[in-house]
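Remarks on the structure that follows.
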Amino acid sequence: MSGVEQGALGRPDERVEGWDKVAGRARYAYEQPVPALYVHPVLSTVARGRVLAVDTGPARASAGVEAVLTHENAERLADTSDAEFAVLQGPHIGFCGQIVAAVVARTPEEARRGADLVQVREYAEEHDVVLGPGHPRLYCPDELNAYPEADTRQGDPAAALERAPVVLDRTYRTPMEHNNPMEPHACTVLWEEGTGGGSLTVYDSTQGVHPVRESLAQVLGLHAEQVRVVSEHVGGGFGSKGSPHAHNVVAALAARAVPGRWVKLALTRQQMFTLVGHRTPTIQRVRLGAARDGVLSAVVHDVEEHTSTVKEFAEQSAVCTRMMYAAPHRRTTHRLAALDVPIPFWMRAPGETPGMFALESALDELACELAMDPIVLRERNEPDLDPETGAPWSDRRLVQCLHEGARRFGWAGRDGRARSRREGEWWVGTGVASAVYPHFVNPGSEVEIVHGQGVYTVSIGAADIGTGARTVLGQIAADALSVPAERVRVRIGDTALPPATVAGGSAGTSSWGSAVVAAARALREEHGSEPGEGARARAGTPEDAVAPGYSVYSFGAHFVEARVHADTGEVRVPRMYGLFSVGRVLNPRLARSQLVGGMVMGLSMALHEHTVMDARLGHVVNHDLAQYHVAAHADVQQVEAEWLEGADVRATPMGSRGVGEIGIVGAAAAVANAAHHATGVRVRNLPLTPDRFLVGPRE
Amino acid sequence: MKPFRYTRARDAASAVATVAADPGARFLAGGTNLVDHLKLGVAEPDHLVDVRGAVDGSVTELADGRVRVGAAVANSDLAAHPLVRARYPVLSAALSSGASGQLRNAATTGGNLLQRTRCPYFQNTATPCNKRDPGSGCGALHGHGRDNAVLGTSERCVATHPSDMAVALAALGAEVRLLTGEGERGVPVSGLYRLPGDRPEQDTVLEQGDLITAVDLPALPWVRRSAYRKVRERASYAFALVSVAAALRIEEGRVVRVRLALGGVAPMPWRAHHAEEALVGRPATEEVFREAARSEFAQARPGRDNAFKVPLAVNTVGAVLRSLAQEEGA
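Here the protein sequences come in this chain order: A and B.
Position one of the first sequence corresponds to residue 1 (full-length UniProt numbering), numbered consecutively onward.
Position one of the second sequence corresponds to residue 1 (full-length UniProt numbering), numbered consecutively onward.
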C-alpha cells in the first residue's frame, strides 16, 4: 500500500475468533440464548402441481403446537416479484421439496412431530426434472449470472473449424451438485409490534446481513430500518448463503404470527437439498480447431443447463473460455431448460467450475492427440492481451504458474503416453489444468472507523463465513492506519453497522478492504496521526478501486497425481499441488486455507459429488451426507497450495485479489486428466466413479 | 418423529418378555441406525427397550475353541480384540471398514446384524417402498438403481444389506445366539436373513421379541489367512459397492479350502456357495478364481444402473483370492 507502513499484512495471523469457535463460545444463528418457539417446514412431495387441501387439525391438536401456517392462512406478502420468496402465497407447486406448510411449536421435536401430522393433499401434474442433450425446452437467457451476454462471437468460428488441420469435438457433462456447509441454514427471528410499524430482528446464517435485510424488507413491505439482521459467525456458505432463501421468509412469517416471541428455524440436511440452491447440471460441447503445432484458430463452447420454472438462474459456464486462450475465432453460447427442479444458485465459482472442467479437459485431449506436452500446448496459446476485450492484463502469470508449478511438482521427465506407469495393483498418472477467476470489487460498502483510548474500532456489516474476513480486515486497517493490529477492533455481521456487499464472487476482502483503506485515509486526513477521543471517519469502496482499462483476473495451475486400481477402478489422489497468482497474499494462513479448501472441493467434485434426481418421482434421491458423497478425510491426502509473490495494485489498494474460489476452478479437470494418463480412460462425465474404469484388459 | 417411551432393561429375559408382549416395542442398542429411522419417520415405535446393559458385552473363548462375542460388544472393540485380530482377520478388517470411528464406537454386534438397508427409497417416507410400507411399490426398481442388489432380488425389492461385519460372519459360518419367548436357540448367520420374495418387509427370521444375545465364531484355525476387501467410491465412510470376505487354503497348487462371501450385491450377506464349490480341488490361478466368481453371478439380475457390479465383483474376488494365494505361496 503506497504511503503506508508494512506490518500486519502478509503476516499469518490466526483468526481472531478461532479460539471462540473451537471452545464452543462462538454463537451461531440458531444458538442465540433466547426462549423461542420452533418452526419446522412441511415440503411438497410432487414436482409439479398444486396443493388441493391442507388438513391442519391433527397437527394443531398435537402436543406443543402453537400454529400451523399454510397458503390459506399465511400473511399476504407485499412483494412476490421474486418467486423464490413467495412462500405460502398460493397452491402452486414448482418443485418437489417446496415449502407448503410450516408448524410452530414449543420444542424442535414437537414442531417436527407436528409437521409429520400436517396432511397435505397434492395434485400432481406431469413433471420434467432431467436435463438431456438438446432438451426441447432450451432457450437463450437474456443474461447470465454476473455477465450480461449469454452468447458471444468473434471472427468466423464455423469457417475456422472447417479449415483447421486438427479439430477436437467433445461433449463434457457435469452433474447437479449441492453445497453442504457444516452449519445448516438457520435463523432466529423476532417480530415486535409497536411504534414505527413494528420491527423484525433476524439472527441469520448468511453471507451478507445487508442483502438479507433488503430482501426481507421488500418481501414483507417494511422499511429497511425496521429490519435488523445479525450474523456474527457462519459455519460455511460456499455461495448457498449468498441470498436469503424460502426458509428465511417462512421464519419471518412465523415470527409475525406470534408477535413478541422469538422463533427458531434450522433446515435439516435433507431440506437443504431443495431449498438453498444447487449447481445446475451442464452439458458442454467444446470444439477446438488447431494447427499441428497446437496453435488454436477456433474455440467454440456451447453450454446447456437447467434452471427452475420458479425462478431463472443462468450459470455462466462458458465465460472463462472467452478470455482463457488466444484464438482469433471464438464462440460461446448458453442455453437453459426450465425444469420442475429446485432453484439453482451460487455454488463456489459458479460458471468457472463446470466450464473449466470442460475447457481444460479438452485442452488435455488436444495435447494427447497432438502428442504434445499439455503445458506446452497451453503456452502456445497464451494471449498477449485479453482476447475478448483487447485490454492489457493487469497481472497474467499463467505460464509462470504452469512452469514453476511443474518444477515444484516434479513434472519433468513425464512419459506422456497413457497407461505407462503401474505400481503394484495401481495405474499411476499425472495431470495438469489451468485455473482462472475474475476479479470483482463490488460498489456499495462503507466503513466507519472510530478512535477511542488508542483503539480503532472498524465497523462494517460484512460477513465472515469462516474465511477469516474479520481477521484480515483488521490487518488491512492496522497497516492503513500504521498501528499494530492489537490496536484495531473489527465489528462485522450486523445491519446496525455500515452497509456491506455480499461475501461472494471472491470479492469480500477486495470490496470491504478497499473501503477500510479509504476510511483509514479519511481518518488520518481529518484527524491526523494523534486523533482525539471519539474521532471518526467514514468512507465507501472507491469507484476506482480497480484501475480502468485493464483485464484483471487471478490464475493458477493444478498438478495432480492419480492412482486407479487395476481391478476395481477405485480412484485415489495421493497428491495435489496448486500454484496460484492471486496478487498480494494478505494473510498466508487464511489464504492457504481458502486455496486448499477450494482444491479439496474440486477433488470432491471430481471423484464423488453428484445429485441424483428421480425422473419418475421428481425428487432429489440422495439428500443426505451418507448418500451425497463429499470427500472424506481419507480421500484428501497431500494437498498443497502456494502462490507467486507480487502485488497487483491495479486490482485493489491492498494489491490483493480474491482467493475464495480459484482453488476449485480447474481442479476436477486436473484429476480427470491424471486419471486418463493413468489408465487411458477419458471420463467426460463427472464424477470419476470406479465403474468408469472397469474396462481394459480385465472384464 | 413420534413420541415414544424409553425404558432400560435390567436383564435379557425381561427385555424379551416386554418386547414380545408389545408389537409397538423395539429393542435399542447402539441406536446408530434406529435413531436415524425415528427422525426420518421410517420407524415409529411406541416403546424403546434399551438392552445395552442387559446383554453380554464381552468376548470370551469357549472350551471347544470357539469364540463367543456378546451382542453388546461395540464394533470398534471387536475389531481391536486380540483374539479376533489373530484368528479372524477377515472379521477385524470388515468391522474396521464400516462407517466411521464414532459410529463403530456406538454400534453393537447385535445391532450391526439387524441394521436395515440404506436404499434411498426405504429411507424416504415420501417415496414408495415395499420394505417400509408393504404394497406401496418399489421405488428403486425403476428409479435410481446404482446401489441395488443383483443377486437374490425380487420384483418387490432390490435393496442390499449394508453390513460389512455380517459378510465376514457369513464367510466364517458364525452362529447367532438368540433368546426368545421359548428359550435359547442358535441360527447360522446366513439363516438369520431371508430374501425379499413377496415379503420384503421381513428382513430376518426373527419374531417380535427375539433378542440376539451373542455371536459364536467357529474354531477354524486355517482362516488366520483371510481378508476383507471393500470397494467403495470414497476411501472411507461409504457403503460397499461390492465387498469380498475370503479365506483360502492351498495345497500343492490346488485350492483345498475356501470361504467366500459378498457384500453390496444382495439383500443379505451373500455366501458364495457356487463359487466355493467351483474352486475346491481346482488349480489356484487367477483365471480359476475369476471363473468361479462368474459362476456365482450366473443368476444375477442387474438393472439399468448397477450392471457394473457384476464385473466389479468378479474382478474383486479375483484380486482378493490372488492376493491370499500369493501370501500362501510366500
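Note that CB positions come from ideal geometry on N, CA and C, so glycine has one too.
The three-state reading of DSSP puts residue 573(A) in strand, counting E and B together. Nearest to residue 657(A) by alpha-carbon distance, out of 448(A), 565(A), 555(A), is 555(A).
Assignment of alpha helix (DSSP H) within the region 102 to 142 of chain A, counting only whole runs of 4 or more residues, yields 108 to 117 in chain order. In this structure, 370(A) is the residue among 681(A), 301(A), 627(A), 370(A) with its C-alpha nearest to the C-alpha of residue 293(A). Annotation: residue 306(A) to residue 224(A) spans about 34 Å, alpha carbon to alpha carbon. Beta-bridge annotation (DSSP): residue 171(A) is paired with 285(A). Taking a Cβ-Cβ cut-off of 7 Å, the neighbours of residue 316(B) in chain A comprise 567, 568, given in sequence order.
In this structure, residue 286(B) places its C-beta atom within 9 Å of the C-beta atom of residue 318(B). Among the residues of chain A, those whose CB is under 7 Å from the CB of residue 2(B) are 113, following chain order.
Neighbourhood of residue 41(B) in chain A, by CB distance below 7 Å: 116, in chain order.
Excluding five sequence positions before and after residue 655(A), the CB atoms of its chain that fall closer than 6 Å to its own CB belong to 583, 584, 647, 648, 649, given in chain order. Considering only 30(A), 97(A), 54(A), 52(A), the residue with the shortest C-alpha distance to residue 46(A) is 97(A). Pairing residue 117(B) with residue 31(B), the inter-Cα distance amounts to about 15 Å.
Any Cβ of chain A closer than 9 Å to the Cβ of residue 236(B) would place that residue at the interface, and such an atom is present. By the Cβ-count criterion, residue 325(A) is buried, with 16 or more other Cβ atoms from all chains shown falling within 10 Å of its own Cβ. Inter-residue distance for residue 59(B) and residue 74(B) is about 10 Å (C-alpha atoms, whole angstroms). In the assembly as shown, residue 381(A) is a buried residue. Its beta-carbon has 16 or more other beta-carbons within 10 Å.
Segment contact: the region 149 to 162 of chain A against the region 320 to 339 of chain A, three or more CB-CB distances shorter than 8 Å; contact assigned.
DSSP places residue 309(B) in the helix class (H, G or I) of the three-state scheme. Residue 245(A) counts as buried, since no fewer than 16 other beta carbons sit within 10 angstroms of its beta carbon. In this structure, 343(A) is the residue among 343(A), 142(A), 690(A), 459(A) with its C-alpha nearest to the C-alpha of residue 279(A). When DSSP states are grouped into helix, strand and coil, residue 516(A) belongs to the helix group. In this structure, residue 651(A) sits near residue 441(A), with a CB-CB distance shorter than 9 Å. Closer than 9 Å to the CB of residue 127(B) there is at least one CB belonging to chain A. The criterion of a C-beta distance shorter than 9 Å is satisfied by residue 198(A) and residue 191(A). Residue environment analysis places residue 139(A) among the exposed positions, since fewer than 16 neighbouring C-beta atoms fall within 10 angstroms of its C-beta. Not one beta carbon of chain A lies nearer than 9 Å to the beta carbon of residue 104(B). Chain B places a beta carbon closer than 9 Å to that of residue 425(A), counting this residue as a contact. Against residue 144(B), the close residues of chain A are 612, 614, 621, 622, in the order they occur along the chain (beta-carbon pairs closer than 8 Å).
Looking at the DSSP output, residue 583(A) sits in a beta bridge with 656(A). Taking the Cα positions, residue 72(B) is about 40 Å away from residue 606(A).
Taking a 10 Å sphere around the C-beta of residue 548(A), we find fewer than 16 other C-beta atoms and assign the residue as exposed. By the Cβ-count criterion, residue 408(A) is exposed, with fewer than 16 other Cβ atoms from all chains shown falling within 10 Å of its own Cβ. Straight through space, the alpha carbons of residue 473(A) and residue 453(A) are spaced by roughly 20 Å. Excluding five sequence positions before and after residue 105(B), the CB atoms of its chain that fall closer than 8 Å to its own CB belong to 74, 75, 76, given in chain order. One Cα belongs to residue 156(A), the other to residue 511(A), and the distance between them is close to 38 Å.
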